[in-house]
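S.K.:
Chains as they are written, first to last, in the working numbering: chain R, -8 to 296; chain E, -8 to 296.
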């Protein structure tokens, strides 16, 4: 179980993604390295991270690609929910997490995350698991974008067994769901957690495959949509729909809750929140509009592949 | 234990507050009555509410004053957290809840809530408790406004014992606190929950006193600040600070969680969210600015009375 190898992969992945996004964008991500004070947080621990953020860019109104590697004396409850027998163990967690909020409402918001947990206790063998996935949240739906994104997700998993994609696709539909709205967050993708059965090396290889498939899944969609003209109406709908993103991340998202509970770095965790958001009361899209089509044809779990 | 009397008080309070806000504002609240389907929600139950909302008003950019009265077969966990022995009982909950987000950044956002719970089980006496309070969230701090608001809170509680105000004031400071920011939500006020010790009639009288003190606590502040001139800078800071309001309500607020968990009406619960919100990475106010003064002099628990 070589945590250094994971760390090296993740740092290189972050670099690769940031470079490609900068190439697309013409803008620059700022870099913010941070350390987590040993014993200063609750639960106490060390480690740190490297957060790359862009704000006010031409393509991305706000986005971040964050690497973090933290250690703690006690696994927080949100992390051990699926394995209560590990509660209170020491832990090490490392991953790359990204969220991109484009300015153009025709370009979807995207999220990708790959992470590895190791739970330790003196005198016992360490227990590891992997998690992650990617999912897309369009404001205006395009069939071909959804098909493309889901195909890339499938391609990432197929080398590891044909049964994984349907399982992780369904998991994503179930996970990124706003119960209080009875609405999925977006058009899904893949999601997995607590993944350890095939052994450490194979799990690590799967994590790499997911990480490596992010750019081919998303970049062609950005290239296809980022020159489309939009106006105030589309910006307004985007700001309204972004409210759902906030609701999901703050009410349900396990990664966000883990970060906030583990004394994580708030600004890095909440870089997932959109730059400009609107809420309004009991709003409904106009019948027959493109906005209504999003709800009726895209915000429904579908077999896109 | 007369639930009808509470209901009558709450409906009249809602009317009184809405009329006064309309007088101040010159705008009209829309009215949205709703019913909760018996058995349709999880946990199943009936009841309904009357939500009054204003959006795009001259004074209030978004605000709502909601009455609700719901019944359910099983008390949700968020409601029985302080009294685990009541988990799973039938319940009845009624209250008035309001949040007002003014357009002018010099006018503070305000929240008030009064509520009563009754937990029932066949063959046992019903168990009741009251909760509520009010608190204020300024964007720009004015000492005299804070003193005025806290004095009104104290006046609401003093007839019921001098020990209540310090206790409920401290409770408010502790409750409306964003752990992940290490920041209070605003300048506080009063908060109480699980209040039943003095008996039903006295608790109901206290609830009425809190409800009745809302307008005298807030209206003079609105009248004092709503004509102050502001520009883009103040609006921008207001939108940024409103992000904290969203973070608190979605991550910590027990009322919000209770509502979403009890199959409550999402639009009425989330009418507390601001109309226009901004997030940005690791932003700090300029040293010596009015924005920095808010953090240094107002967003600190203080003895304002």
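Quick reminder that beta carbons are idealized off the backbone N, C-alpha and C, glycines included.
Residue ranges of each beta strand (DSSP E) run of no fewer than 3 residues wholly in the stretch 238 to 290 of chain R, ordered along the chain?
M.R.: Segments of the beta strand (DSSP E) lying fully in the stretch 238 to 290 of chain R: 267 to 269.
S.K.: If you compare alpha carbons, which of R:138, R:279, R:83 is closest to residue 121 of chain R?
M.R.: Position 130 of the first chain holds residue 121 of chain R. Measuring from the Cα of residue 121 of chain R, the nearest candidate turns out to be R:83.
S.K.: Against chain C, with Cβ distances strictly below 8 Å, would residue 272 of chain R count as a contact?
M.R.: Note that chain C does not occur in the displayed structure, where the protein chains are R and E.
S.K.: Could you pull the DSSP bridge partners for residue 123 of chain R from this structure?
M.R.: Position 132 of the first chain, counting from 1, holds the residue named residue 123 of chain R. Paired residues: R:105, R:183.
S.K.: Assuming residue 148 of chain E is part of the alpha helix (DSSP H), what are its boundary residues?
M.R.: Within the second chain, residue 148 of chain E is the residue found at index 157, counting from 1. That run of the alpha helix (DSSP H) goes 134 to 148.
S.K.: Just to confirm before moving on: does the CB-CB distance between residue 259 of chain R and residue 40 of chain R stay below 8 Å?
M.R.: Start at 1 with the first residue of the first chain, and residue 259 of chain R comes out as number 268. Start at 1 with the first residue of the first chain, and residue 40 of chain R comes out as number 49. Contact flag set, yes.
S.K.: If we define contact as Cβ-Cβ less than 8 Å, is residue 175 of chain E a contact residue for chain R?
M.R.: Here residue 175 of chain E is taken as the residue at index 184 of the second chain, counted from 1. It does not; no Cβ of chain R falls within 8 Å.
S.K.: Output the residue ranges of the beta strand (DSSP E) runs that lie fully inside the stretch 0 to 60 of chain E and measure 3 residues or longer, sorted by chain position.
M.R.: Runs found: 21 to 26, 38 to 46.
S.K.: Pull up the distance between the alpha-carbon of residue 232 of chain R and that of residue 146 of chain E, whole angstroms please.
M.R.: For this step, residue 232 of chain R is matched to residue 241 along the first chain. For this step, residue 146 of chain E is matched to residue 155 along the second chain. Those two C-alpha atoms are separated by around 43 Å.
S.K.: Between the stretch 83 to 92 of chain E and the stretch 50 to 69 of chain E, are three or more C-beta pairs nearer than 8 Å?
M.R.: The stretch 83 to 92 of chain E is in contact with the stretch 50 to 69 of chain E.
S.K.: Can the beta-carbon of residue 269 of chain R be found closer than 8 Å to that of residue 230 of chain R?
M.R.: Position 278 of the first chain, counted from the start, is the residue given in the question as residue 269 of chain R. Position 239 of the first chain, counted from the start, is the residue given in the question as residue 230 of chain R. Against a cut-off of 8 Å, the Cβ pair of residue 230 of chain R and residue 269 of chain R comes out as a contact.
S.K.: Please work out which residues of its chain come closer than 6 Å, Cβ to Cβ, to residue 8 of chain R, disregarding the five sequence neighbours upstream and downstream, and give them in chain order.
M.R.: Mapped onto the first chain, residue 8 of chain R falls at position 17. So the qualifying residues of the chain are 56.
S.K.: Listing by chain order, which chain R residues have their CB less than 7 Å from the CB of residue 172 of chain E?
M.R.: Taking the second chain and counting its residues from 1, the one referred to as residue 172 of chain E is at position 181. What residue 172 of chain E touches in chain R: 257.
S.K.: Give the residues from the stretch 40 to 51 of chain E that approach chain R closer than 7 Å (Cβ to any Cβ), ordered along the chain.
M.R.: So the list reads 44, 46, given in the order they occur along the chain.
S.K.: In whole angstroms, what separates the C-alpha of residue 179 of chain R from that of residue 292 of chain R?
M.R.: For the purposes of this step, residue 179 of chain R is identified with residue 188 of the first chain, where counting begins at 1. For the purposes of this step, residue 292 of chain R is identified with residue 301 of the first chain, where counting begins at 1. Taking the straight line joining both Cα atoms gives about 8 Å.
S.K.: Is residue 189 of chain E close to chain R? Criterion is C-beta to C-beta, closer than 8 Å.
M.R.: Position 198 of the second chain holds residue 189 of chain E. No, because no Cβ of chain R sits closer than 8 Å to the Cβ of residue 189 of chain E.
S.K.: If you count every other CB in all the chains shown that lies within 10 Å of the CB of residue 279 of chain R, and 16 or more means buried, which is it?
M.R.: Locating residue 279 of chain R in the first chain gives position 288, counting from the first residue. Exposed: under 16 other Cβ atoms inside 10 Å.
S.K.: Taking buried to mean at least 16 other C-beta atoms within 10 Å of its own C-beta, is residue 164 of chain R buried or exposed?
M.R.: For the purposes of this step, residue 164 of chain R is taken as residue 173 along the first chain, with counting starting at 1. That one is buried.
S.K.: Residues in the stretch 71 to 101 of chain E with C-beta within 8 Å of chain R's C-beta atoms, listed in sequence order?
M.R.: Per Cβ criterion, the list is empty.
S.K.: In whole angstroms, what is the alpha-carbon distance linking residue 5 of chain E and residue 115 of chain E?
M.R.: For this step, residue 5 of chain E is matched to residue 14 along the second chain. For this step, residue 115 of chain E is matched to residue 124 along the second chain. Distance between the alpha carbons of residue 5 of chain E and residue 115 of chain E is about 33 Å.
S.K.: Could you work out which residues of chain R lie near residue 210 of chain E, taking near to mean beta carbons separated by less than 9 Å?
M.R.: Looking up residue 210 of chain E in the second chain gives position 219. None at all; the shortest Cβ gap to chain R is about 23 Å.
S.K.: Count the other CB atoms, across all protein chains shown, that sit within 10 Å of the CB of residue 31 of chain R; report buried if there are 16 or more and exposed otherwise.
M.R.: Counting from one through the first chain, the residue named residue 31 of chain R turns up at place 40. In this prediction, residue 31 of chain R scores a pLDDT of 47, lower than 50, which makes its location untrustworthy; the coordinate-derived value is nonetheless stated afterwards. So residue 31 of chain R ends up on the exposed side.
S.K.: Within the 8 Å Cβ cut-off, does residue 251 of chain E reach chain R?
M.R.: For the purposes of this step, residue 251 of chain E is taken as the residue at position 260 of the second chain. Yes - at least one Cβ of chain R is within 8 Å of the one on residue 251 of chain E.
S.K.: Verify the CB distance criterion: does residue 269 of chain E have a CB-CB separation below 8 Å to chain R?
M.R.: Here residue 269 of chain E corresponds to residue number 278 of the second chain, with the count starting at 1. Yes, residue 269 of chain E lies at the interface with chain R (some Cβ there is under 8 Å from its Cβ).
S.K.: Quick one: give me the first and last residue of the beta strand (DSSP E) that residue 91 of chain R is part of.
M.R.: Taking the first residue of the first chain as position 1, residue 91 of chain R is located at position 100. Residue 91 of chain R -> beta strand (DSSP E) spans 81 to 93.
S.K.: Below 8 Å CB to CB, which residues in the same chain sit around residue 49 of chain R once its five sequence neighbours on both sides are set aside?
M.R.: Sequence index remark: in the first chain, residue 49 of chain R carries index 58 (1-based). Here the set comprises 16, 17, 18, 94.
S.K.: Could you name the residues of the same chain whose beta carbon sits closer than 8 Å to that of residue 290 of chain R, not counting the 5 residues immediately before and after it, in chain order?
M.R.: Taking the first chain and counting its residues from 1, the one referred to as residue 290 of chain R is at position 299. Hits under 8 Å: 174, 175, 177, 178.
S.K.: Using 8 Å as the threshold, is the C-beta distance between residue 124 of chain E and residue 212 of chain E below it?
M.R.: Numbered from 1 along the second chain, position 133 holds the residue referred to as residue 124 of chain E. Numbered from 1 along the second chain, position 221 holds the residue referred to as residue 212 of chain E. Not closer than 8 Å, so no.
S.K.: Could you name the residues of the same chain whose beta carbon sits closer than 7 Å to that of residue 66 of chain R, not counting the 5 residues immediately before and after it, in chain order?
M.R.: Working through the first chain from its first residue, we reach residue 66 of chain R at position 75. If we look at residue 66 of chain R and ignore the five residues flanking it on each side, its Cβ neighbours are 77, 78, 79, 80, 82, 110.
S.K.: For residue 262 of chain E, which residues in chain R fall below 7 Å Cβ to Cβ?
M.R.: Locating residue 262 of chain E in the second chain gives position 271, counting from the first residue. What residue 262 of chain E touches in chain R: 272.
S.K.: Could you tell me which of E:-6, E:3, E:-4, E:-2 sits nearest to residue 203 of chain E, measuring between CA atoms?
M.R.: Taking the second chain and counting its residues from 1, one reaches residue 203 of chain E at position 212. It is E:3.
S.K.: If contact means a Cβ-Cβ distance below 9 Å, which residues of the stretch 234 to 247 of chain R contact chain E?
M.R.: Under the 9 Å Cβ criterion, the stretch 234 to 247 of chain R contributes 234, 237, 238, 240, 241, 242, 247.
S.K.: Flag this pair as yes or no: are the beta carbons of residue 225 of chain E and residue 68 of chain E separated by less than 8 Å?
M.R.: Along the second chain, read from residue 1 onward, the residue named residue 225 of chain E stands at position 234. Along the second chain, read from residue 1 onward, the residue named residue 68 of chain E stands at position 77. No. Outside cutoff.
S.K.: Using only the alpha-carbon positions, how far apart do residue 10 of chain E and residue 237 of chain R sit?
M.R.: As a working note, residue 10 of chain E is residue 19 in the second chain. As a working note, residue 237 of chain R is residue 246 in the first chain. Cα to Cα, residue 10 of chain E sits roughly 33 Å from residue 237 of chain R.
S.K.: Scan the stretch 10 to 27 of chain E for residues whose Cβ lies nearer than 9 Å to a Cβ of chain R and list them as they occur along the chain.
M.R.: Under the 9 Å Cβ criterion, the stretch 10 to 27 of chain E contributes 21, 23.
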